[in-house]
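Residue numbers (my numbering), protein chains in the order written: chain A, 433 to 792; chain B, 478 to 819; chain C, 233 to 582. Inspection log for the structure reproduced underneath, given as structure tokens.
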């Protein structure tokens, strides 16, 4: 059981509001990722769910019970911290046992749970060592193990991979996904890394400045970002944004004039875009291709040949555009090319950053 | 592998005395859990702070405030309610002088003698102390073999109790003491040092420097060692003269430490008592009578003790110390900001 | 000036002996004698008999004139080496001395008195350690009481200091609460009120609490030391808050967090404070002198100073008791000196 519900939860430190009226429902067994740039309030939100911080307003329920005034210890949750927060003066075994001893659990039961978690996480050889004698990856496992032995209704993970090197992060990510599948417990995971969010989440909650920007499955966010911020945040490399004005708009498409004077036809749904309105056109680097002279004229500024693909940095009338072209290309810096958006999903954002209609 | 001392430190606690301590602590835990449940985490903060604040309030804060009341009362009674209010009479008595430069012209001549002695003592002792510990620190900062041994040599007397320090030197300076023996073997006349007014004052200064210089040397040495070596190497590359290196690199970078040390020495010198009291008892006559001894004797030891007068004198001394301490705090804070002190 | 500077600030030694090296070594060796010499002299003297102590010029080692008991004479006599007129040397015991003439007898032939000019005799010396200087205070004086009082004060005060200060430091470093800044400032302000400033009112408070002439009256006013709170708090600030969060998630109570997480992790700082506290309390003088007026309550420091201030100072006992008083501090010095010096260099406290 791990059904968590937030209703109009807000948090302010003094006169500074860090979380504005957030409402969110997390189903039992769901893997939810809070993602956003640093300072967006994602960690505060997690700490409020944990009980380490108290919400200033709003209501927090776990399995239907209001927990606003229940201390962290009694909420039945477990947390994995960014720094792992392993007790440096205790052995790995004692670290795992500490939380269980505090519940006055029988010694045999404690030993069983530790053995099970150690087997699952392959940390059996290190049980008698101190955290200081372990590598980063091993400490990370112990931190997860400490949460597992508690058999919590939900796991809270605060940037658990950010202290690992890139390679280890990749493999641990996969293990975390497997672990979730195996335990089928609710997991709330905080990260600033959208790749982690995309690969792990059942649902992603994108936060900015204490507000939810969008909630959805990874592909929903990727394919239909609600606004310019989500569009720019999800996906790597970041989406390209080009400024332009609406030339004309029909029932299924709009024509946009870019800053350089080039016109682009964008399929949209619904109406409501006035002629002459300033818009931003968003297109992912992977969706731009090098086309014939009918395309948008651009000049190459930098070529990054990665072998399997080529990343091109181009200049379109003073605006930077990035494109990822599959394969290898024999292009020179300074060379003029034409960019084609014909087959690409293109998004239009109005002046407030909201996305207009749906693409294709 | 990390070398953080904390990784190993739990050891002594965890293993050695674990069981009985753990038993006691676990016994205390349930009532405290109950307290935590009723008062919340904030209440526990108060609980942790309370014992200290209580002791601190009763034995430091309270005396500090009623000291003013004492200084406004007269008579020999100990407890405040039994004492008669005399307003500023005690202060007036302390300041009742026809000529402030001559202690004998004052009503409370011993007070002014003590003030004069203390002033001279502070002047001499602080100057010499700074010079001696700075030179020692500079020498210890040279490329020495067994530096920690030499550092320890100068540090040794710091740990000795003032009474022991006083007795050691009393024994050396007495009539048949080591000093006279040394002089005698060199063909000089023995001298009863502590019966001589000037010599016993000099002894008070010297002994207090002997006892405490190691401490200040240590702080100055730490300051010197915090100066990055590459600064000296850069100066050497530039062909800078050693005097200039000292004046332009060492001294400015050591300044925060040096200032803190000067103020610390000052604060201690103003309160000088223990070792001198054992060494000379304030004598001969009143030649080594300092303020703290005056307060002690006026308040407790004299035939006709006068707690009010002692309190008034102690408040005057306290005022000096408050100024010096504020100076020290602001200095060490600005030193921290500059990264001068760890 | 510049050469002096060069001496003082030259950092690398190296090519041969510079005169500055010589000055350095004179300073260091001189320091060695001045710093250790007096204490060693005291220790050496503490083994001398009262007679040897009264000698001038004194000897470095505890030599005494050898004594012999001669048949028919009650007290032992001093033994001398006498050069007789023929140039022969014999060992004779001195019976009495009149002017420059000494009446002596041969211990093996006590019947005959030999008159000798005192210039012709030299005492026979032997090294004796007057262990009774140590043994007697332990058996006949209140010395053992003083020792016990000092140990009691030191141990109890240190334990209370550690507990009370670490609790306060925990509250001040790991909790946000109203009045925290006020509490910090109050403790900071204590630095400005040393004992010498508040001894009169403190004495009245201690008396009002019935702690006059009680070792608790010595202990309690000293245990809430601001320096203690500061070094512990400073150290606790370096313990990550996430550890405490983790412990709270692990269902630990605040008390458990204090003693199972914070205390063990603060062990190095606690050790420094413990050592300092032991030295402070062992060495305390003025306050015990004020609070304790009954002889059987004196601490070592008070007892020593009272004895040494007496009209007829029994130096041989005083010296021995001083040595005993020095022992714990010297042990601390030998074994923990490095620990203390780094502690001071790091925090600037004493």
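Just so you know, even glycine gets a beta-carbon here, dropped at the ideal spot from N, CA and C. Keep in mind it's a predicted model, so treat the numbers as computed, not measured.
Residues of chain A whose Cβ lies closer than 8 angstroms to the Cβ of residue 496(C) are, in chain order, 521. Each of 739(A), 464(A), 605(A), 695(A) was checked against the Cα of residue 774(A), and the nearest Cα belongs to 695(A). By the Cβ neighbour-count rule, residue 567(B) is buried, with 16 or more other Cβ atoms within 10 Å of its own.
Burial check for residue 538(A): the Cβ neighbour count within 10 Å stays below 16, so the residue is exposed. Taking 8 angstroms as the CB threshold, residue 429(C) lines the interface with chain B. Note that the region 748-757 of chain B does not touch the region 572-579 of chain B; fewer than 3 beta-carbon pairs, one per stretch, sit closer than 8 angstroms. Pairwise C-beta distances place the region 492-505 of chain A out of contact with the region 493-509 of chain C, as fewer than three of them are shorter than 8 angstroms. DSSP, read as helix, strand or coil, puts residue 590(A) in strand. Ranked by Cα distance from residue 507(B), the options 535(A), 763(A), 493(A), 494(A) are led by 535(A). Residue state for residue 729(B) is assigned as helix, using DSSP reduced to three classes.
Runs of the beta strand (DSSP E) spanning 3 or more residues and lying entirely within the region 548-607 of chain A occur at 586-590, in chain order.
Assignment of residue 731(A) by DSSP, reduced to helix, strand and coil, places it in the strand class.
DSSP places residue 514(A) in the coil class of the three-state scheme, outside both helix and strand. Between residue 401(C) and residue 468(C) the beta-carbon gap is near 6 angstroms, inside 8 angstroms, which marks them as a contact. The beta carbon of residue 394(C) sits no closer than 8 angstroms to any beta carbon of chain B. Of all residues in the region 522-534 of chain A, those with a C-beta nearer than 7 angstroms to a C-beta of chain C are 530, 531, 534, reading in chain order. A Cβ of chain C is located within less than 8 angstroms of the beta carbon of residue 662(B).
Short of 8 angstroms from the beta carbon of residue 746(A), and not among the five residues preceding or following it, lie these beta carbons of its own chain, in chain order: 730, 731, 732, 733, 752, 753, 754, 755, 769, 771.
Nearest CB-CB separation between residue 515(C) and chain B: below the 8 angstroms threshold. DSSP places residue 782(A) outside both helix and strand once states are collapsed to three, so it counts as coil.
Within 10 angstroms of the beta-carbon of residue 567(C) lie fewer than 16 other beta-carbons, which makes it exposed. For residue 365(C), no beta strand (DSSP E) encloses it; the enclosing alpha helix (DSSP H) starts and ends at 364-372. By the Cβ rule, the region 473-487 of chain C does not count as touching the region 409-416 of chain C, because fewer than three pairs are nearer than 8 angstroms. Chain B places no beta carbon closer than 8 angstroms to that of residue 365(C), leaving this residue out of the contacts. Apart from the 5 residues on each side of it in sequence, residue 563(A) sits with its Cβ closer than 6 angstroms to the Cβ of 518, 520, 571 in its chain, given in chain order. Contact note: residue 570(C) reaches chain B through 625, using a C-beta cutoff of 7 angstroms and chain order.
The beta carbon of residue 764(B) lies closer than 7 angstroms to those of 674, 677, 678 in the same chain, with the five residues before and after it left out. Per the C-alpha coordinates, the member of 563(B), 523(B), 804(B) positioned closest to residue 405(C) is 523(B).
Among the bridge pairs identified by DSSP, residue 721(A) is matched with 772(A).
In the DSSP secondary-structure assignment, residue 618(A) is bridged to 586(A). Under the three-pair Cβ rule at 8 angstroms, the region 322-337 of chain C counts as touching the region 351-363 of chain C. For residue 751(A), there is no enclosing alpha helix (DSSP H); the enclosing beta strand (DSSP E) covers residues 751-758.
A contact between stretches requires three or more CB pairs, one per stretch, nearer than 8 angstroms, and the region 647-658 of chain B fails this requirement with the region 720-729 of chain B. Residue contact check for residue 486(C) against chain B: a CB pair falls below 8 angstroms.
Across the region 253-265 of chain C, CB contacts with chain B closer than 8 angstroms involve 256, 259, 260, 263, 264, in sequence order along the chain. For residue 368(C), no CB of chain A lies under 8 angstroms from its own CB, so it is not counted at the interface with that chain.
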